[in-house]
Amino acid sequence: MRAALVVVAAGALALAGCSSSDGDDDDATEAASTAGAGEFAPVTVDNCGFEVTVDSPPERVVTIKSTATEMMLALGLADRLAGTAFADGPVPDEYAGDLDDVPVLSDDAPGQEALLDVEPDFVYGGWESNFGADTAGERPSLADFGVATYVSPAACQEPEYQPNPMTFDELFAEIHEVASFFDATEAADALVAEQQALLDQVDAPGDGLTALWYSSGEDAPFVGGDIGAPAMMMRELGVENIFADVDATWSNVSWEQIIDRNPDVIVLVDAAWNTADSKIERLEGNPATAALPAVAEQRYLTLPFPAAEAGVRNAQAVVDLAAQLEELGL
Numbered sequence: 001m002r003a004a005l006v007v008v009a010a011g012a013l014a015l016a017g018c019s020s021s022d023g024d025d026d027d028a029t030e031a032a033s034t035a036g037a038g039e040f041a042p043v044t045v046d047n048c049g050f051e052v053t054v055d056s057p058p059e060r061v062v063t064i065k066s067t068a069t070e071m072m073l074a075l076g077l078a079d080r081l082a083g084t085a086f087a088d089g090p091v092p093d094e095y096a097g098d099l100d101d102v103p104v105l106s107d108d109a110p111g112q113e114a115l116l117d118v119e120p121d122f123v124y125g126g127w128e129s130n131f132g133a134d135t136a137g138e139r140p141s142l143a144d145f146g147v148a149t150y151v152s153p154a155a156c157q158e159p160e161y162q163p164n165p166m167t168f169d170e171l172f173a174e175i176h177e178v179a180s181f182f183d184a185t186e187a188a189d190a191l192v193a194e195q196q197a198l199l200d201q202v203d204a205p206g207d208g209l210t211a212l213w214y215s216s217g218e219d220a221p222f223v224g225g226d227i228g229a230p231a232m233m234m235r236e237l238g239v240e241n242i243f244a245d246v247d248a249t250w251s252n253v254s255w256e257q258i259i260d261r262n263p264d265v266i267v268l269v270d271a272a273w274n275t276a277d278s279k280i281e282r283l284e285g286n287p288a289t290a291a292l293p294a295v296a297e298q299r300y301l302t303l304p305f306p307a308a309e310a311g312v313r314n315a316q317a318v319v320d321l322a323a324q325l326e327e328l329g330l
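FYI, the numbering for the sequence shown is 1 to 330, going by our numbering.
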């Protein structure tokens, strides 16, 4: 269960009346302007069991993983990015130009030295493992350097902090939580409304069908379980996850289990290092899986890897998968 967002109360800004004879008109005007813009209230959250306090909106942010980078871009916060790392693929075309002047620190999780070289005041990671002694640095260590850290709550590993199950309400809560650090409430409201409008277009076109979410793996397929982003999207599509009995975000299973459960459709995650085409070749090249009706009739749905993890691409992914499902005519 996610911890509740705690906003630390800040004192209200009061303006004392001044007469023009005091010669303070200019000061009063400037103060009024500041008050109109609003005063940032420090924010404290319990993030995967680690307390994060933001006293003022971060100015130099490093993102690790596509989900974190794209969350910042979707909230209109590209100007705060001091660096990115561990991209799972290109960002959507609408954001491509936003990263032209943002350095890429690493193709994987950056080391602490590379991270600190760009002098971040905030690091937003898509996985808890992004913050380790062998990667960007442990969170307490970074805090000692004055660097606040935040992990996508969908990726919390401890059961008491892990969403169970992941839902779009949980995702929308992350959008609002991230926006609170940057005083970007209106942007969060607009983004959530846009995402909800996308979801409202989909009316469970897969009702009555079963599905396998095949992420990666050869000897032991890595598939979507019952509590993560894959299951969240499958619920919106109306399909029944053949591994709904697996209480995990993702899990390794056996080919024998897949064959026995015989899915009506197969969702394939398309990554540069593990393409949907390579998965199709594997499925069709093995006589046992080639005999599955879903394989024999090529009942495949595909989505890019960055859309397969909890983030701002999920709502559009539901729309795209629904369209592919309807094209199959099942």
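Glycine included, each C-beta is placed from N, C-alpha and C at the ideal position. Bear in mind that the values here come from a model prediction, so they are computed numbers and not experimental data.
Inset, instruction - Output the distance between the C-alpha atoms of F181 and A288, rounded to the nearest integer angstrom. - result: Within the sequence shown, residue 181 is the residue found at index 181, counting from 1. Within the sequence shown, residue 288 is the residue found at index 288, counting from 1. When rounded, the distance between both Cα atoms is 51 Å.
Legend entry - Burial state of A136 (16 or more Cβ within 10 Å): By 1-based counting over the sequence shown, the position of residue 136 is 136. Counting Cβ neighbours within 10 Å, A136 comes out buried, since at least 16 surround it.
Legend entry - Cβ-Cβ distance between V265 and R299 below 7 Å: Taking the first residue of the sequence shown as 1, we reach residue 265 at position 265. Taking the first residue of the sequence shown as 1, we reach residue 299 at position 299. Yes, they are a contact pair.
Legend entry - First and last residue of the uninterrupted alpha helix (DSSP H) at I175: Taking the first residue of the sequence shown as position 1, residue 175 is located at position 175. Note, I175: alpha helix (DSSP H), F168 to F181.
Legend entry - Inter-residue Cα distance where the pair is L283 and A290: Counting from 1 along the sequence shown, the entry for residue 283 is found at position 283. Counting from 1 along the sequence shown, the entry for residue 290 is found at position 290. So the alpha carbons of these two residues sit roughly 6 Å apart.
Inset, instruction - Count the other C-beta atoms from every protein chain shown that fall within 10 angstroms of the C-beta of S152, then say buried if there are 16 or more, exposed otherwise. - result: Within the sequence shown, the letter at position 152 stands for residue 152. That one is buried.
Legend entry - Burial state of V104 (16 or more Cβ within 10 Å): If you number the sequence shown from 1, residue 104 lands on position 104. Looking at its Cβ environment, which holds fewer than 16 other Cβ atoms inside 10 Å, V104 is exposed.
Legend entry - D134 classed as buried or exposed, judged by whether at least 16 other C-beta atoms fall within 10 angstroms: Counted from its first residue, the sequence shown places residue 134 at position 134. So D134 counts as exposed.
Legend entry - Assumed close pair M71, G311 - CB separation to whole angstroms, cut-off 8 Å: What you label residue 71 is simply residue 71 of the sequence shown in a count that begins at 1. What you label residue 311 is simply residue 311 of the sequence shown in a count that begins at 1. With a Cβ gap of about 6 Å, M71 and G311 count as contacting.
Inset, instruction - Mind checking who I64 pairs with in its DSSP beta bridge? - result: Translated into the one-based positions of the sequence shown, residue 64 becomes position 64. I64 is bridged to A85 and G125.
Legend entry - E341 classed as buried or exposed, judged by whether at least 16 other C-beta atoms fall within 10 angstroms: Since the first and last residues shown for the chain are 1 and 330, residue 341 lies out of range.
Legend entry - Alpha-carbon to alpha-carbon, L116 and R60: The sequence position of residue 60 within the sequence shown is 60, counting from 1. The sequence position of residue 116 within the sequence shown is 116, counting from 1. Rounded to the nearest angstrom, the two C-alpha atoms are 11 Å apart.
Legend entry - Start and end residues, beta strand (DSSP E) containing S56: In the sequence shown, residue 56 corresponds to position 56, counting from 1. That residue, S56, is in no beta strand (DSSP E); it is neither H nor E in DSSP.
Legend entry - C-alpha gap between E186 and Q195, whole angstroms: In the sequence shown, residue 186 corresponds to position 186, counting from 1. In the sequence shown, residue 195 corresponds to position 195, counting from 1. Approximately 14 Å, taken between the alpha carbons.
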